[in-house]
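Heads up: the sequence shown runs through residues 61 to 170, numbered per this note's numbering.
Cβ coordinates follow ideal geometry from the N, Cα and C atoms, glycine included.
Remember, predicted model here, so these are calculated numbers, not experimental data.
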Amino acid sequence: MNVNHRRGEISATLDGCAYRLCLTLGALAELENAFEANDLGALVERFSTGRLSAGDMAKIIGAGLRGGGNAVADDEVLAMHCDGGVTGFAAIVSDLLTATFAGEAAPANP
């Protein structure tokens, strides 16, 4: 799958299917609401603690999937499988946040 890293897109394989994920402005607003963050700075501060629950990861991945054009609800993300299990999900979250907030980066999870 081709992704545009300059736009903050990454690709991830979930349930054996390749998906495009991107934290668009709408996806970031969704996360601000979900995490009760007043602004992007507060959202970045929350994510930078490195302490995310499984539910947090599902919200981030779900927002990224929807931002990438996929109609996937957070409860569907909770039922998905990823190579590497929770470590694989954590890698997707890390790649997505890095692509969004640190600029162009090559993702570790193809």
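Excluding its 5 nearest sequence neighbours in each direction, N130 has C-beta neighbours in its own chain below 7 Å: Y79, listed in chain order. Residues D134, V137, L138 of the same chain have their beta carbon placed closer than 6 Å to that of A118, with the five preceding and five following residues left out of the count.
About 6 Å separates the CB atoms of A97 and R106; that is less than 8 Å, so the two are in contact. As a beta-bridge residue in DSSP terms, T73 pairs with A78. In this structure, DSSP gives V132 a state outside helix and strand, which the three-state scheme calls coil. Of G115, M140, F95, the smallest CA-CA separation from A72 is found for M140. Bounds of the alpha helix (DSSP H) holding F107 are 100-108.
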